[in-house]
Every structure is written in C-alpha cells, then in structure tokens.
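Residue numbers (my numbering), protein chains in the order written: chain A, 1284 to 1640; chain X, 1284 to 1640; chain W, 1284 to 1640; chain E, 1284 to 1640. Input: a single structure, listed below in structure tokens.
4 protein chains.
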Amino acid sequence: MLRIGMLTSGGDCQALNAAMRGVVKGLANSKQEIEVYGFMNGYKGLIYGDYRLLSKSEFSGILTKGGTILGSSRQPFKLMRVPDENGLDKVEAMKQTYYKLNLGCLVILGGNGTQKTANLLREEGLNVIHLPKTIDNDIYGTDVTFGFQSAINIATDAIDCIHTTAASHNRVFIVEVMGHKVGWLTLHAGIAGGADIILLPEIPYDIKKVAEAIEHRTQAGKGFTILAVAEGAISKEDAKLSKKELKKKREKSKYPSISYEIAAEIQAATGTEVRVTVPGHTQRGGSPTPYDRVLCTRLGAAAAQAILDKDFGNMVAMVNGETKRVPLESVAGKLKAVDPDSQIIKEIKQIGISFGD
Amino acid sequence: MLRIGMLTSGGDCQALNAAMRGVVKGLANSKQEIEVYGFMNGYKGLIYGDYRLLSKSEFSGILTKGGTILGSSRQPFKLMRVPDENGLDKVEAMKQTYYKLNLGCLVILGGNGTQKTANLLREEGLNVIHLPKTIDNDIYGTDVTFGFQSAINIATDAIDCIHTTAASHNRVFIVEVMGHKVGWLTLHAGIAGGADIILLPEIPYDIKKVAEAIEHRTQAGKGFTILAVAEGAISKEDAKLSKKELKKKREKSKYPSISYEIAAEIQAATGTEVRVTVPGHTQRGGSPTPYDRVLCTRLGAAAAQAILDKDFGNMVAMVNGETKRVPLESVAGKLKAVDPDSQIIKEIKQIGISFGD
Amino acid sequence: MLRIGMLTSGGDCQALNAAMRGVVKGLANSKQEIEVYGFMNGYKGLIYGDYRLLSKSEFSGILTKGGTILGSSRQPFKLMRVPDENGLDKVEAMKQTYYKLNLGCLVILGGNGTQKTANLLREEGLNVIHLPKTIDNDIYGTDVTFGFQSAINIATDAIDCIHTTAASHNRVFIVEVMGHKVGWLTLHAGIAGGADIILLPEIPYDIKKVAEAIEHRTQAGKGFTILAVAEGAISKEDAKLSKKELKKKREKSKYPSISYEIAAEIQAATGTEVRVTVPGHTQRGGSPTPYDRVLCTRLGAAAAQAILDKDFGNMVAMVNGETKRVPLESVAGKLKAVDPDSQIIKEIKQIGISFGD
Amino acid sequence: MLRIGMLTSGGDCQALNAAMRGVVKGLANSKQEIEVYGFMNGYKGLIYGDYRLLSKSEFSGILTKGGTILGSSRQPFKLMRVPDENGLDKVEAMKQTYYKLNLGCLVILGGNGTQKTANLLREEGLNVIHLPKTIDNDIYGTDVTFGFQSAINIATDAIDCIHTTAASHNRVFIVEVMGHKVGWLTLHAGIAGGADIILLPEIPYDIKKVAEAIEHRTQAGKGFTILAVAEGAISKEDAKLSKKELKKKREKSKYPSISYEIAAEIQAATGTEVRVTVPGHTQRGGSPTPYDRVLCTRLGAAAAQAILDKDFGNMVAMVNGETKRVPLESVAGKLKAVDPDSQIIKEIKQIGISFGD
C-alpha cells in the first residue's frame, strides 16, 4: 500500500485541482493500492496536522474547477526555520506529521517559495515531488507554469474590455496586471490585448519616454492609449534605489499602487485624462483554460509515474513539449525573469510597442 | 429625402453600435431616401459642428462591437445653458447645426443627463428621439436600459473569479461594482455572482450588521465572504449628512473609494483579511450580450419607425416586453432607483443575503 | 416540521440547480424546520421511490453549475395514465410515495409536459408548485422561462463563430437551433447573432423566397449569408400536410434534420456551397448566464414563500418583472408560440431580416 | 521601396488577421518604405490578379478579429499544375502577377497544402515566406500552428456544455471534433474537456473496446460517458482497407459522418442512448485566444524581420519557445501526426482515458 500526502501552497491559481486530479487518476490506474491524504491550507496543514483521507470521487469533476479543494495559505520560506508563536519548530513538526502518517511521498503544488520549502524538506530526508504552479510563470527549469495561461486570459479580457471604452472616449487607460517581481503575465496579456505601452519590473521605464509614446500616438491620430503595467513596474530612478529605500518610498506613497503613480505622472506630462483599472485577484480565479487543463493533466500523470517509479526530489516540469523530472536542488531559489534582450522583447519592440525604455 | 442626425453621449457602454445599426437598418428598408449624419463625441459634435455623413456600410458588422463608432463625451446638462470658455451659447450652437444641416430629426443615445438635454432640445423645437443607454439601468419609463445586462455579465464574471480564490484562502473579498447613485447593477451582479452581502446606495449599511453577517458565516463553517459593493454605497451615518458635507468628507478620505473604507472597517471589526477588487471601466466594455443585442435591434427598429411616422419628442423604451414611445417631458429628470421595499429585495433577503441594514 | 419533495423533469437545462438553491435557501431562512427530499431522474424517482434526503450544504456552490444534481428524465404526460411494463399504475405510485413520505408539497421544475403532469397531481389532491424551466421559452403564463437566455447565449456564440468563417469563404451557412415546436430560441439567437434569414416553425418558409434573399445579398456585394434555422422549421407545402403525413415524410427523408434538407434546396436553387452546423445539446449545457441566475434565485425564493404561505397548485412565474403565482389549471396544456404578426417580428422584418415568407 | 504581397489560403482560422497585423506592424517600424498588396481569396487572387493595395490602418484593430480580411479559398496543390477550365496555366499566372507587380516577397499564410504550393513558387524562383496556419496543428517543423489553441477552446467549450447535460441524463455523448487526417485537436480538446474516450485517426479503435470502456464506467456508478471523436476516426477493420476502398465505403454509408456510425455501433453494443454533437465550422471561428494572438504577433514580427533581412524560402516557425526560420524544402509535404507511442498518449492512458485500442 502506497500512502501519499498532497498540499497546495501560496497564492492560489487556476488548475490546481486539475493537477491534483491528474496525480490521483494516474495513481488510481496503477496496480498498487493507494491512499491520498490532503493537508489543508498548504504547509499549515502539514505543520499542525490538519489533514484528511481523500476519496477518489473527490477528484471527479474538478478538472474545470478553479481554486483548490485543499485550501491554501502563504507560509514564507524564510520563516520556516523560525519557531511559531508557541515556540513550535515548524520543520520538525512537518517531519513528524510525515512520519506519523507513514507517508511514502509528499506531492507539493506551489510557486517559488513553496519550491524552496519543498527542497528543504527533501534535504531533511522526505520524499517530495513539486508541481510548478503560479500565474507569474517565474519558476526556473520549466518552460511554463500552470495558472499562467489562465491568468493571461483574464488579464487580456480586461484589456479587451478597456479597448472599446478607451476608443470611445479618447483617454489613456492603465490596466494593472499582477506580477511584483517578474513581468511575464503583463508582457503576454499586454501583447494579446494590443496594449500600446507595456511596463515591466525587468525593464525600468522613463516617464518621458512613456509620455512621448502617448503623444506619438496622438499625433498619428489615435485618440487613446492603453498601458499594461505590472504591479512591480519601476522607474529608472527608483531602480537605482536600494531594496530598503524603495520599500520605504513605496510605503510613504499616497498611491495605492504604482499604476496610480504612473497615471498621475502621465496626466502631468501630457494633460490627458488617465484611468486606472485593477483586475486584481480575479486573475487567479475562474475555470482554467484548456491549455492549463492539458498541461496539468500531463504534469499530474507524470508525477504519478514518478511516484510509482519511486523517483523523488524533483519538480515535474514541461520542457520543449515533454514532461521532465528536474532535480529540486538544481532549481530551488532561482527565478525566471523576462530578459530585456530576449527575442520576444525584440519582436514586440519591432511592431512598435513601447516599453518606456 | 430624409436627413437625420445621430449622437452618443455620456459614459459609453456596450450595444451603442447595435442600437445605431438598428436605426439605420430600419430606415434603409423603408422606401424613403435617407441620409444619416453622425456627430462626433456626443453633444460636442453638435455644438461645434463636428460631423460626417455616414455610409450604410459603416453599420455592417458592428452589432457585436463594443464602444461607439461616433465617440462620446460627457457634457453635463447643468452647463448646457452656461456659455463655453469662448462665450459660445451651446444651445444656440446646437440649434444652428441642426438647422444648417436641415435635419429632420436627431437620434440621441444616452443616459439620464443626455435625456435631459434631449428634452431641452425638444423644448427648443427640435425633433428628437432618445434611446435609453446606461449600464446603471436608472432611466425612468423603461423596464431596462441597454448596457445593463452586458455590464452585469462582466461584474458577475469578476465575482465568479473571486469566488474560487476567496474559497481557497478563507478571506473576505469586496468587489466594487459601478453605480454612484443607484444599485441596480450591484444588486443583479451580486445575486448572480452569489455574493453574501450586497451594499447599495439605496439601502444605507450599518457596519456592525455587515460584520455580524460575516461572523455568522464563519460560525456556520464558511471560511470566506464576498461583498458586492456599489461605488455609491453609504453608511447609515453618512446618509444623514448633507450632500455638501458628504462630498467634503469623501474628498478628505484617504481611501480611493468607499470599498477601501469598508474593507478597513471590516478588518477592524472582525480581524479578517479583506481584499478589494475594482473591475472599473471593464464593466462598460467588450461585446454586448445577446440580450442587449436583441434589445437594441428592437429599440433601433422602433426608433426608425417613429422617424418614418414623424412622431418625435419621445424616448423609445421597452415596457412589458414591447417597445413603446414615451414622451420625454414625462420622464426627463426622473431617476429609477432600487426600492428597499420592493419584491426583489424581499426575495433576496429571504434567501439569506444581507444588505447590511 | 415541513417536509417537501423536489424533482427536475424533461430535457435538462441551465439554472435548474440555481432554482433549487433558491427554494432551499428561501426555506432555510424561515423559522420553520424543513426537510427536503430529492427524487432522482424526474417523475421516475417519484414513481419508483428513488429519493434521498438532501442536506442544505448540497445546495451551496451550485448557483453557477449547469445540469441538475437530481438528474432528469422524460416521462411523457400522455403515458402517465398508461400502466408501466409491469402493470404499475404510475399516478397511484406517485401518490403513494407522496403520502408515504408525508410530504407537505412537491416542487416540480420542468417544461410544458412536466407542467401537465404537475397539474394532474394537483387534480389528484397533491400540493404542487411548478417552476417554469425550458430553453424553448414556450410556457404560457410567464414572460420568460429559465434556461432560455442561457441557451440563447450558446446558440449566439455559435452564430458569432460562424460569422467570421462565413465571411472569409463566401459561403452560405445554416446554424440549426433547438426548438421543434416553437421558434423563440431561434428568433432571439438569430437576431443576436446577426443572421440574415431566420426560419421558424411558426412562419412556414417558401424556399424561393429564401433563395431570393440570398441572391439579394450577393447582388449587394455581401459574399455570405447566415441562416438561423429552428429544428422545427417547415416549408409552406409541408405546413399543409397532416401531422401524420408530415411525420411519415420526415421519417423517409434521407436528411438527419430539416437543416440538411434546406441546405440541399438552397444549393440547388442558388448554386452556392452551403454548410450546416448543429450545436445540438450544447445549447442545454454550461453555466447559466447571470440573467438566469437572478431569475432562478427570485423564482426559487418566491416558491419558498408560497410553500411557507401554504399556497399550492401554482406555477411561480415572472410577469412584468415581478414573480407571481399563476394557477396551474389556467395554464397547463397551453403553448406560447411566436406570433407571426407580433411587434418583434415586424421590427425584425423592418431591419431587413427575411423569414422566408 | 519594398513591395510585398500577402495572401491567406485554405480553410480559414482564428488569428490570421493577428499574424498579418504582426507582419505589417513589424515592417512599418523599419526605416524602409513599404507597400503591401493583398491578394483576395488565397492563391485565386494571385492567379487571377485580384488584389489591392492595403493601407496601414486596415491592420489596426484586427488583432482580435476572427477570419481573414483578405478572404480565403481552397486551391488544391495537386491541381496547381493542371490548367484551369479556360486552359490557364496557374503557376505561370501567379508568376506573372508577381513580376508585374514587381513584388519583393510573397507572405503566404496557410496549412500543409498551402505550404506545398508556397514551396513550388519558391522552386519557381519567387521569394516566399510561409506562416503556419491551421487548427489541425499538423505542420511539420513547428511546435505549434496558429488557430490550434483557439480551436481547442471552442471544441472544449462544447464538451464542457455537453458534460452538464450528459451527467443529468445518464447518456452517452459523442462530440465530433474537426480533423480528418490528424487527431491533435481532438486529443487536446478531449483531455481538456475531460472526455472519457478519445478516438483519433492515428489510433484505430475496436468498437468492443469502446463498449467495454463505457460499461466499465457504468459499473463504477458513472451514469454517462463522453467521447471526443475526430472526423477522421477509424476502426481497426477500416484501417486495413486501401484508401480507395475506404473512400467508397464512406460514400455508401448512410451516416453523415463517422460519429453517427460509431453512435449506432455503441447503441447496438450497449443498449444505451447515444447523442451526437457536431460543432463543425464554429471551431474555425471567433476571436483568437490570447495564446494565438501572442504567437501570431511574434511570428508576424519575425516574418517582417526575415523580409528586411531578405531571407526568403522559409516557414517562420515556433520551436522551443523561439521563432525560427525553417527552410520550406525541408518541411513541405511532411505531415505531423500524433504518435501512438508518444509521451502524451502514455500519460493520458495512465489517467484512465481510453483510446479504444
């Protein structure tokens, strides 16, 4: 009998359920008898022993369901070695739960932080398999993460909707897209939505260049301009600040987010009315796109095979169209950001989209 | 030969193009020869003589297209009698354009403010026909306005997306829905999205009642709560303020909108994390729903018939499933708000949704 | 303690779950203790005693879920008085189940046939409440049925998709829309999708007129034509046949449905290539539109109130924007068809859409 | 001055306009002066000299628009060397048009057949660039074709809709997905839609195995089964027939397509009611998904760069996430089919989906 544990950690996203379904269906068709325990609310459930035995039927009909049937929570990696408010050693607690339940493996779905803790558990001797979940697409070692394409669709829908209203009113519109550290989501949604200007964390902007791009459009007779702005977009000046200085500056800012600040700057520079739209957490929600459903079904099945092969300590990734086991030690702690000199950026610049640089 | 003018005024919305297509197709099939002049950017185009002759082919393929091919702008009714910065008498200017072009009728698409100006032009002797456009559904004398059902769909999509993420994280979420004066859009999107609490301008809320409703859910084992909050939601205390006092208070507020204020109050009262999502102008955009396309095709055809009948001075409305000509003088200046004692509010209360009252 | 039974009968559609949720939530907030029994697969469950006690939590999260959690089946009204293959008297069996369970009321969701059986049970002395479900919108006594607007959206999506491909290839396309007896769905989807020709059961077509309308478009430089054709569309000649003769003719036809026959006729008459698309049962599926969710929530709440008021024997309908109890005896057996002389048909003809008549 | 020609050939699909926009925007931002001629209705326009100079503004706002602004038609490769009904040598005619207009390059968007003709024109000395368009994803030398992901979404939507109705009625449903020669679209839509059985041209089925899979589900308490069946699905017996014999058999068949035949066989074998849905040409229509919009923007920009580099005779492909120029001579005439022994097929079998083999 094989007993596995499963948890979803960090910000939720689409297709978490689809991935878990893939794992469980992949195991259910093996000859081995399997028990799957679900830990509630991410690592929290593992630390505090909040879990339940999952029946196979719970994974039926969840392919298209957003969110996660296990719940999730953020448990920062850097606090994992810090005892909790009652002095509990979290890492030890997780190990105890693991051994108490006599688990053969832990399947962990999550992003970069989650991956680091998964790697830590691997170092501590647990059998772990990680599945790369995040709308940010910033996990090193896989071509794509699940949630990414689904989030692109929602952010693009928002830009599509703004397009018709922007064109009717000759205004400048900013759509703020999720992504504090990396700009993949903003880049793709910006291209797909036909944004005129795209501002990413990886390519600091010069507000003068942004204003020029807007005025260039006005002169060309285009009455409106749409900007796709990442939550982590940053000006060239701010990019020179230390992390600490930047944090301080942001905290003192009167604007709820960078988009509002950029809006004020554009208004000052061009005299045009600027409106800000913040789709926010909707980008994490809803039914996963067919792309993500296929991706997760494959990753889940491949994870099941890895479990049956007793091959642990890996992230199951998608590389050049094939699922692949990538050692956690080789990827944990690395971030995949947009390269300003990459082919895609050059292509997008060529069609006339400005990055404000 | 019949020459008509057409303009779209106020905040744009879905199905404006569909309605104009209905008018033009309805006229094109009559035996009369017709010329249609489009005024650009609402009353602005009529005031300053910015117009062009529209070809029939421009109305082909726009049934599904959001926005307005004529552009729009806000020209407040209360400033219509006030000369512009160059001393121009706007009403006289509009009349001059009308007579210079020898128009037989003006078809005016817009909301409450637009309707008031349309009525003013009628009083000044022009032949006008008004079509009730607004996502707010607050026009008196028609059962429904176009844009309303389309906006409900977008706001509901947002709540649907938030549902999966809220359920995964045990949080309180506020989705801010458009509507400063009336709550129709928030009410319908809130019901359709399965919101637990709905706050409307017409039903002032008591933050204690809101907090109670949230805690009631927590006690019932529901980890999350979703609020649909209208832009114009108002507390019982604020509802006692004069318009002037309220405006002053809002201007001094550190919150960008009422939702952020309510979020802070809930957080203080319940200790739960609250997240705010603001779909904003996306609610005005995108392709109209089939409902709005049918509505606008009918209103447009009925307006065409009214023109052919030389029956002017009316809004073409939808009443009990039939199009109807409603005299502008009987409706201009009236607002259709949600009645707190209406059947729908009672029904929604009965299924356990709280209005915080 | 109040014990009610509930069943969904006939072809399934969107928003059945939303309506049941409305009923149960509406009852749950009353002071009375309630038990709800669900009968599986429509009247079948009532006849053969296949039921289970439903928990309140089963109605949580189903607002947006298509289909019916109770299952459905077709049990023709005309066979209700005919014993089953084992000689069972179905009506007596239903009454026995009702009395055995000591039910206070039966809530029955279904279309025209379902309504007739509901009325029969009323005549037999049972307390029944009927909710008007059907994508056909053909129930007499209510302005709208649930499922109708959701089905319009799916059929319109199909026409929208066909539009781009038709325009690229200069072809004639037929989209076959559900509706054997009435054409409401075809009419609305046809208008919303911008169909050029709409063929309904209520308005027999002349294939020459259809061909003329296509050639008229070709002459006007429009390379393509889209027809929205109801499953029950009928030619003027066939309309003269007796029901029996028609049935015989259809059975002998080599075409799987009327659309293929019309396609062949158009091809013969105009020489143009014609393609047929049959969205079929997709029109009954998927998540209900916000319109249907609001409608069903209201109907459900109103049904709950009727139960609490002990006011039985009615359909809970939507009339002029208000929910209303309509006596079953006044509506059962009546069909609401499209009136060829109605305002909507005149309006649609005015904008140049042909009905082939 | 650089003068280029552009045409779209074969069955239309989503994102053709997006790709052309990418090419034109990519060229417009170069320092070179450019003229773009559009040939109407594919190679037909090139053969018969039906073209027009395109303005840059025609490419504005078409990113999201389905179909092709140039029109398309099927001109089979095998007939290219055969004179037309007036004895015209088509290849010579194309060359004459090319030289008469003094074109520097032809940008050709299309699938496998189109690519073969593009390669023929290259052999004849013309400068050509090919962009891989097809919902079938069967073009050798590129990881993905545009239209594919958009078509998956539409086919998956259909399966999603069928899911709710199938579950309500305990039926077997077949959704027929486009694809006569290859099964990529059916495979991906089948996985994404949660189909239980997937039948592809590349994996001949045994109807007994199909019936077993259905009965296996019935025994497991699942009342319904959904099959995703490619237009080109084939039984093991038929797979043994020669191409000629098969064609003959199909022509004599009383079923409009293979799905209806399979439905009859299942009904005979299991006694269960089977319903067939044929989304048909809707799969080619509608607005492209964000994925396809990004793909086409990149391919278009890369094609523009290839033109500026005067590097001709290639398909611009997407390989491992990067755009790449692939010599036409190395790919023309090759087909990319689903490999029955590939990783994806093994993964999908592992989660319990049957291919009927």
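In this text, a Cβ means the ideal position worked out from N, Cα and C, and glycines have one as well. What you are looking at is a predicted structure, and each value in this text was computed from that prediction instead of being measured.
To the nearest angstrom, report how far apart residue i and residue j are at their CA atoms.
| i | j | result |
| --- | --- | --- |
| X:P1366 | X:T1291 | 22 Å |
| X:S1451 | X:T1508 | 12 Å |
| A:I1481 | A:V1512 | 6 Å |
| A:I1646 | E:D1419 | Limits of chain A in this structure are 1284 at one end and 1640 at the other, which puts residue 1646 of chain A out of reach. |
| E:T1555 | W:N1324 | 16 Å |
| A:G1568 | X:I1545 | 23 Å |
| X:L1510 | X:A1478 | 6 Å |
| W:M1645 | E:T1428 | Outside the shown range of chain W (1284 to 1640) lies residue 1645 of chain W, about which nothing can therefore be said. |
| W:N1603 | A:A1620 | 57 Å |
| W:A1449 | E:N1300 | 15 Å |
| E:I1352 | A:F1595 | 53 Å |
| E:G1506 | X:K1399 | 60 Å |
| E:P1539 | W:P1539 | 8 Å |
Please classify residue i as buried or exposed, where buried requires at least 16 other C-beta atoms within 10 Å of its C-beta.
| i | result |
| --- | --- |
| W:V1227 | The structure shown does not extend to residue 1227 of chain W, since chain W is modelled only from 1284 through 1640, so no value can be given for it. |
| E:E1459 | buried |
| W:R1364 | exposed |
| X:R1581 | buried |
| E:Y1382 | exposed |
| X:A1503 | exposed |
| W:R1335 | exposed |
| A:M1284 | exposed |
| A:S1637 | buried |
| E:P1610 | exposed |
| W:P1359 | exposed |
| X:H1463 | exposed |
| W:L1329 | buried |
What are the boundary residues of the alpha helix (DSSP H) that residue i is part of?
| i | result |
| --- | --- |
| A:E1630 | 1626-1633 |
| E:G1328 | 1326-1331 |
| E:L1285 | Run containing E:L1285: none in the alpha helix (DSSP H); it sits in the beta strand (DSSP E), 1285-1291. |
| E:L1353 | Neither: E:L1353 is in no alpha helix (DSSP H) and is coded neither H nor E. |
| W:T1501 | 1490-1502 |
| A:D1521 | 1519-1522 |
Which two residues bound the contiguous beta strand (DSSP E) that contains residue i?
| i | result |
| --- | --- |
| E:Y1320 | 1317-1322 |
| A:A1511 | 1508-1513 |
| E:R1304 | From DSSP, E:R1304 is part of no beta strand (DSSP E) but of the alpha helix (DSSP H) over 1299-1311. |
Any heavy atom of the ligand ADP closer than 6 Å to the CB of residue i?
| i | result |
| --- | --- |
| X:Y1331 | You won't find the ligand ADP in this model; it holds no ligand whatsoever. |
>> Tell me which residues of the stretch 1467-1490 of chain A have at least one Cβ-Cβ distance to chain E shorter than 8 Å, keeping chain order.
In response: Residues of the stretch 1467-1490 of chain A whose Cβ lies closer than 8 Å to any Cβ of chain E, in chain order: H1471, A1472, I1474, A1475, G1476, G1477.
> What residue ranges within the stretch 1531-1613 of chain X form continuous alpha helix (DSSP H) runs of no fewer than 4 residues, ordered along the chain?
Replying inline: Counting whole runs of 4 or more residues, the stretch 1531-1613 of chain X contains the alpha helix (DSSP H) stretches 1541-1553, 1573-1591.
>> I'd like the ranges of any alpha helix (DSSP H) spanning at least 4 consecutive residues and lying wholly in the stretch 1457-1484 of chain E.
In response: Listed in chain order, the complete alpha helix (DSSP H) runs (minimum 4 residues) inside the stretch 1457-1484 of chain E are 1467-1475.
> Mind listing which residues of the stretch 1562-1582 of chain W have their C-beta closer than 7 Å to chain E's C-betas, in chain order?
Replying inline: Taken in chain order, the members of the stretch 1562-1582 of chain W whose beta-carbon sits within less than 7 Å of a beta-carbon on chain E are P1562, G1563, H1564, T1565, R1567, G1568, G1569.
>> Along the stretch 1436-1461 of chain E, where does the CB come closer than 9 Å to a CB of chain A? Name the residues.
In response: The stretch 1436-1461 of chain E vs chain A, Cβ under 9 Å: N1436, A1438, T1439, D1440, D1443, H1446, A1450.
>> In chain order, what are the residue ranges of uninterrupted alpha helix (DSSP H) at least 4 long that sit wholly in the stretch 1381-1441 of chain W?
In response: Listed in chain order, the alpha helix (DSSP H) elements of length 4 or more contained wholly in the stretch 1381-1441 of chain W are 1395-1406.
>> Residues of the stretch 1512-1537 of chain E in Cβ contact with chain W at a cutoff of 9 Å, in chain order, please.
In response: Along the stretch 1512-1537 of chain E, the positions whose C-beta sits under 9 Å from a C-beta of chain W are K1537, read in chain order.
>> At a CB distance below 7 Å, what residues from the stretch 1345-1379 of chain E approach chain A? Give them in sequence order.
In response: Interface annotation for the stretch 1345-1379 of chain E against chain A: L1346, T1347, criterion Cβ-Cβ distance under 7 Å.
> Which of the residues in the stretch 1292-1324 of chain A, read from start to end, lie with their CB under 7 Å from any CB of chain X?
Replying inline: So the close ones are D1295.
> Which of the residues in the stretch 1421-1432 of chain W, read from start to end, lie with their CB under 7 Å from any CB of chain X?
Replying inline: Cβ contacts with chain X come from D1426, Q1432.
>> Closer than 7 Å between beta carbons: that is the criterion. Which residues of the stretch 1593-1612 of chain X meet it against chain W?
In response: Hits within the stretch, in order: N1603, G1604, E1605, T1606.
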